[in-house]
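Reading through the structure tokens given below for one structure.
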Amino acid sequence: MSSRRDFLKSAASLAVTTLASGVTLYSMSGEASAANAAKTPRWGLLIDATKCTPDCSACVDACGKAYGWHNESYSPTDEQWIRKVNVKDPESGASFSAPVMCQHCANPPCVDVCPTGASFKRFDGIVLVNRHICIGCRYCMMACPYKARSFVHHGGRGSDEDKREYPRGGHGTVEACNLCVQRIDAGGVPHCVEACQQKGQGAILFGNLNDPESEIAKRVATYRTSRIRDDLGCEPGVHYQGIS
Ligand code: SF4
Ligand code: SF4
């Protein structure tokens, strides 16, 4: 937490552009860029599948409630930012359950294929969609190997949509997990992380992968962890424990 605050405090050298309420684009240049390179965070998640149970959907429910994409009449064709995946090896019988969301890739194919620049990666590794210039072509959905993006067929759900901490209003555009960027910029943690902790599971850890003193970096360095389809070279920021 302190490293995040320290970084934000030192952000006087950053050019700051507000793309929309709750979405901020930072850019560095010249000497400031070199000086701050070592401090640049890479926000990520470590999901411990050994603590995640198949019947628990606290992370999915919290995300859906916070952003208004989840309701009781949810259908598989509706937008979804995070999903639970249950895997079972038919030979050994070994199984695990874990949430899958946008993996916030360092080399995101969704950004590569976007014809308008709507898909973009922030300096800190968070991959977002600028809904103001997304034309809804869905190239990014086809390019994403993690099936992490959804097309928004409906308008915002509920009358309080405009009061949400991260307004969506993306009818006809593409959406995905934003890593709760507005919370991170305010020094907080993502909704799914908080909900998982409150449920007592503690299966999702958020932190700065670039800070060797952070808990997430220490755990990634210490324990056997993996990333989904690491062979694809997307360099996800989401790491898993207990899935292999
Ligand atoms: Fe893009 Fe998919 Fe990677 Fe997320 S998981 S950054 S949507 S390619
Ligand atoms: Fe870019 Fe939107 Fe097309 Fe995705 S759907 S590739 S974000 S313009």
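Residues in the sequence shown are numbered from 1 upward in steps of one, following the working numbering. Built from N, CA and C at the ideal position, the CB exists for glycine as well. A quick note: this is a predicted structure, and the numbers were derived from the prediction, not measured.
Compute the distance between the beta-carbons of residue i and residue j, then report whether it is under 8 Å.
i: Trp43; j: Ile184; result: yes
i: Gly233; j: Arg164; result: no
i: Cys144; j: Pro109; result: yes
i: Gly237; j: Leu209; result: yes
i: Cys192; j: Cys59; result: yes
i: Val181; j: Ile126; result: yes
i: Glu79; j: Val152; result: yes
Is it buried or exposed, residue i, if we count other Cβ atoms within 10 angstroms and call 16 or more buried?
i: Ser214; result: buried
i: Ala94; result: exposed
i: Glu91; result: exposed
i: Ala203; result: buried
i: Pro41; result: buried
i: Asn178; result: buried
i: Val87; result: exposed
i: Gln241; result: buried
i: Ile243; result: buried
i: Gly117; result: exposed
i: Tyr146; result: buried
i: Ala221; result: exposed
i: Asp211; result: buried
i: Ser75; result: exposed
i: His239; result: buried
Below 8 Å on the Cβ atoms is my guess for residue i versus residue j; work out the distance and round it to an integer in Å.
i: Cys56; j: Gln201; result: 6 Å
i: Tyr139; j: Val111; result: Not a contact, Cβ separation roughly 11 Å.
Pairing CB atoms from the stretch 97-117 with CB atoms from the stretch 226-241, are three or more of them under 8 Å? yes
I want to know whether the stretch 91-101 touches the stretch 43-54 - three or more CB-CB distances under 8 Å. yes
Should the stretch 167-176 be regarded as contacting the stretch 127-137, the criterion being three or more beta carbon pairs within less than 8 Å? yes
Just jot down, in chain order, the residues whose CB lies closer than 6 Å to any heavy atom of ligand 1. Cys102, Gln103, His104, Cys105, Pro108, Pro109, Cys110, Val127, Cys144, Tyr146, Ala148, Arg149, Ala176, Cys234
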